[in-house]
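Visitor: Which chain is which? The protein sequence lines are A and B, in order. The first sequence begins at 4 in my numbering and counts up by one. The second sequence begins at 24 in my numbering and counts up by one.
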Amino acid sequence: MTTATLALDISKIRADFPILQREVHPGVPLIYMDSAATSQKPSAVIEAMNDYYRSSNANVHRGIHTLAEEATASYEDARVRIGKFVNARSHREVIYTRNTTEALNIVTQSWGRANLSADDVVLLTEMEHHSNLVPWQMLAGEIGLRLEFIPVTDEGLLDLDEFANLLALKPKVVAFTHVSNVLGTINPVAEITARAHAAGALVVIDGAQAVPHMPVDVQELDIDFYAFSGHKMCGPTGIGILWGREVLLEAMPPFLGGGDMIKRVRLREFVTNSLPHKFEAGTPAIAECIGLGAAVDYLSAVGMDAIQAHEHEIISYALERLEEVPGLTVFGPSASEKGGAAAFTIDGVHPHDVAQILDRRGIAVRAGHHCAMPLHERFELVATARASFYMYNSTDEVDQLVEGLYEVKELFA
Amino acid sequence: MDDMYREVILDHYKNPRRRGTLDPADISYEDDNPLCGDRIRIDLQIDAEERIIDAAFSGQGCAISQASASMLMEEIVGKSLSDVKKLSKDYILDLLGIELGPVRLKCALLSLKVLKVGAYGVQEWVEEPD
Chain A
4 MTTATLALDI SKIRADFPIL QREVHPGVPL IYMDSAATSQ KPSAVIEAMN DYYRSSNANV
64 HRGIHTLAEE ATASYEDARV RIGKFVNARS HREVIYTRNT TEALNIVTQS WGRANLSADD
124 VVLLTEMEHH SNLVPWQMLA GEIGLRLEFI PVTDEGLLDL DEFANLLALK PKVVAFTHVS
184 NVLGTINPVA EITARAHAAG ALVVIDGAQA VPHMPVDVQE LDIDFYAFSG HKMCGPTGIG
244 ILWGREVLLE AMPPFLGGGD MIKRVRLREF VTNSLPHKFE AGTPAIAECI GLGAAVDYLS
304 AVGMDAIQAH EHEIISYALE RLEEVPGLTV FGPSASEKGG AAAFTIDGVH PHDVAQILDR
364 RGIAVRAGHH CAMPLHERFE LVATARASFY MYNSTDEVDQ LVEGLYEVKE LFA
Chain B
24 MDDMYREVIL DHYKNPRRRG TLDPADISYE DDNPLCGDRI RIDLQIDAEE RIIDAAFSGQ
84 GCAISQASAS MLMEEIVGKS LSDVKKLSKD YILDLLGIEL GPVRLKCALL SLKVLKVGAY
144 GVQEWVEEPD
């Protein structure tokens, strides 16, 4: 059924993901094209979490007994591997969070409160996910920040000329997404970062849609904070990462207070723990951390370059096929500047109806505003349908998507 | 499953009944489902006995939201506002003739929500847990 692309042996990859073997309706196999919302999980990840609960479940950093030692070792070893996966300088820079959203809230609530004040300019973009907008809006509401936005061009790219003008406002922070979850745009992070740094701004990146799909090297990008989620990169939900420069993290006040983030507690005061534990109050999502460790092992074994090359083949083919469908508009740049997500509309059909009809064929796409309402307003849309691809998608599946879209056209003709 | 796009629903979507606005209107109310972008406005003309003598809807959205609004408009003309108060979720589902999961239920019920809140105020609408 599936074809091998130049980059990956898809049949072999697909066999690693148990859920891809299921039928959505009787006789209708799953065609999963919603990986930008959450990716599917390979057996290696599911088994790593199972193994932890079956054989070494214990709380971390708290016990002397064997299980506690094993759990702590697995938990901390996963952190080291996750750090290496994005080329962190040290495990101390790798903070376990619940997800990208929580990671970005740590930046605004801890770094932001300590370092920003009224009328400081924070530069965001029109293509941000709500998770990189609302935390800044909340802080702005509390301390009176001035939020400015790099516009998005009609092609779905950041307007870098306008960015140059906005830098004249001397922003304290430039915060933006590495890859747009709607347009698929791969933003030139290193270039924007260099210019932001030259203007004296700190750079915060939402990497939720990048880390799963391409090699990411936080040192090479030279950014200051980078946030990503486990569940979009073959790992479980409930675990994400805030990577930050050690010198910044060291100077920041803690975010949540409680167990594990302290070195010493007296009745009226406490001394914070060292990095990374300073930002990890309470019993963490231990199995999820271990699961994310297994996920980065899996991704490394497949190869991030190969994954990126495969997705590029799929999105190039998908854009070509989607363009054939009359009345269909794809938003965002051409394949050369696009990751594996294609948001589109069909004239006269609401995206919910598109998604519902595709579901009858077992095809899972997302419909809505994809947590990017301002971006949809920018393109004067209320909603789009979005097909998003990963290493396990094939060109055959793209053909079936297009066939389904022709059925949509027919039903609503 | 295929029932969701059965002929009658697609017909109401493609050829909506009582689509438009009323001027003047005794009651005019609008709301949306921000999650999916469905938006519906309902205009009513009411006589001295609080009977609906004319009704129209406008807005945009998915087939389910627009078809249910179109069907509802056909049903309510001639009814009194107190009749409207009694209309339930199941009434709309009967009109549509389909079963819906929690996400699409919001689409289907938007017109009833707009109608009831328009006629009686926001306290008249309680999101049903299922």
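We put the CB at the ideal spot given by N, CA and C, even for glycine. In this text the structure is predicted, and so the values were computed from the model without any measurement.
1) Closer than 8 angstroms, CB to CB, is residue 414 of chain A near chain B or not?
2) Residues of chain B with CB closer than 8 angstroms to the CB of residue 37 of chain A, please, in chain order.
3) For chain B, check one thing: does any of its Cβ atoms lie closer than 8 angstroms to the Cβ of residue 360 of chain A?
4) The beta strand (DSSP E) with residue 139 of chain A in it runs from where to where?
5) What residues are listed by DSSP as bridge partners for residue 43 of chain B?
6) Excluding five sequence neighbours on each side, which residues of the same chain lie with their C-beta closer than 7 angstroms to the C-beta of residue 24 of chain A?
7) Hey, how far is the Cα of residue 150 of chain A from the Cα of residue 256 of chain A?
8) So, using beta-carbon positions, are residue 395 of chain A and residue 16 of chain A closer together than 8 angstroms?
9) Would residue 409 of chain A be called buried (16 or more neighbouring beta carbons within 10 Å of its own) or exposed?
10) Apart from the five residues just before and just after residue 152 of chain A, which ones in its own chain have a Cβ nearer than 7 angstroms to its Cβ?
11) What residue range does the alpha helix (DSSP H) around residue 205 of chain A cover?
12) What three-state label does DSSP hand residue 395 of chain A in the structure shown?
13) Hey, is residue 24 of chain B's beta-carbon within less than 8 angstroms of any beta-carbon in chain A?
14) Using 8 angstroms as the threshold, is the C-beta distance between residue 139 of chain B and residue 107 of chain B below it?
15) Assign residue 75 of chain A to one of three DSSP states: helix, strand, or coil.
16) By the criterion of Cβ-Cβ separation under 9 angstroms, what are the contact partners of residue 71 of chain B in chain A?
17) Just verifying my parser: in three-state terms, what is the DSSP assignment at residue 26 of chain B?
18) Quick one: using the 10 Å Cβ neighbour count with 16 as the cut-off for buried, is residue 42 of chain A buried or exposed?
19) Once DSSP output is grouped into helix, strand and coil, what is the label at residue 69 of chain A?
20) Could you work out which residues of chain B lie near residue 386 of chain A, taking near to mean beta carbons separated by less than 7 angstroms?
21) When every heavy atom of the ligand COA is checked, does at least one fall within less than 7 angstroms of the C-beta of residue 295 of chain A?
22) In whole angstroms, what is the alpha-carbon distance linking residue 22 of chain A and residue 114 of chain A?
23) For residue 351 of chain A, I'd like the list of residues in its chain whose CB is within less than 8 angstroms of its CB, leaving aside the five on either flank, ordered along the chain.
24) Can you tell which of A:315, A:210, A:71, A:348 has its C-alpha closest to the C-alpha of residue 245 of chain A?
25) Per DSSP, what kind of secondary structure is residue 268 of chain A in: helix, strand or coil?
26) For chain A, check one thing: does any of its Cβ atoms lie closer than 8 angstroms to the Cβ of residue 123 of chain B?
27) Which ranges does the beta strand (DSSP E) cover as unbroken runs of at least 3 residues, wholly within the stretch 65 to 109 of chain B, from first to last along the chain?
28) Kindly confirm or deny that the stretch 357 to 373 of chain A and the stretch 30 to 37 of chain A touch, where touching means at least three C-beta pairs closer than 8 angstroms.
29) Taking the beta strand (DSSP E) that residue 159 of chain A belongs to, which residues open and close that run?
30) Taking Cβ positions, are residue 192 of chain A and residue 212 of chain A nearer each other than 8 angstroms?
31) Tell me which residues of the stretch 83 to 109 of chain B have at least one Cβ-Cβ distance to chain A shorter than 9 angstroms, keeping chain order.
32) Look at the Cβ atom of residue 1 of chain A, then the Cβ atom of residue 333 of chain A, and state whether they are nearer than 8 angstroms.
33) Exposed or buried, residue 185 of chain A, counting other C-beta atoms within 10 Å across all chains shown (16 or more means buried)?
34) Can you find a C-beta in chain B that's less than 8 angstroms from the C-beta of residue 400 of chain A?
35) Suppose contacts are defined by Cβ-Cβ distances below 8 angstroms. Is residue 353 of chain A in contact with residue 84 of chain B by that definition?
36) Is there at least one Cβ from chain B nearer than 8 angstroms to residue 4 of chain A's Cβ?
Guide: Looking at the atomic coordinates:
1) yes
2) Those do not exist, as residue 37 of chain A stays about 14 angstroms from chain B at its closest Cβ, beyond 8 angstroms.
3) yes
4) Looking at the DSSP string, residue 139 of chain A is not in any beta strand (DSSP E); the run it does join, the alpha helix (DSSP H), is 137 to 146.
5) Residue 43 of chain B is not bridged to any residue.
6) none
7) 23 angstroms
8) yes
9) exposed
10) 127, 128, 129
11) Per DSSP, residue 205 of chain A belongs to no alpha helix (DSSP H); it is in the beta strand (DSSP E), 205 to 209.
12) coil
13) Per-residue confidence for residue 24 of chain B stands at a pLDDT of 44, beneath the threshold of 50, marking its modelled position as unreliable; the derived number appears in the next sentence. Yes, residue 24 of chain B counts as interfacial toward chain A.
14) yes
15) helix
16) Ordered by position in chain A, no residue passes the 9 angstroms Cβ test against residue 71 of chain B, which lies about 39 angstroms from the chain.
17) helix
18) buried
19) helix
20) 59, 60
21) With respect to the ligand COA, the structure offers nothing, as it holds no ligand at all.
22) 40 angstroms
23) 330, 415
24) A:210
25) strand
26) no
27) 75 to 83
28) yes
29) From DSSP, residue 159 of chain A is part of no beta strand (DSSP E); its letter is neither H nor E.
30) no
31) 83, 84, 85, 86, 87, 88, 89
32) Because chain A in this structure spans residues 4 to 416, residue 1 of chain A falls outside the shown range and cannot be described.
33) buried
34) no
35) yes
36) Residue placement at residue 4 of chain A is poorly supported in this model, since its pLDDT is 45, which falls under 50; the coordinates are not used for a value here.
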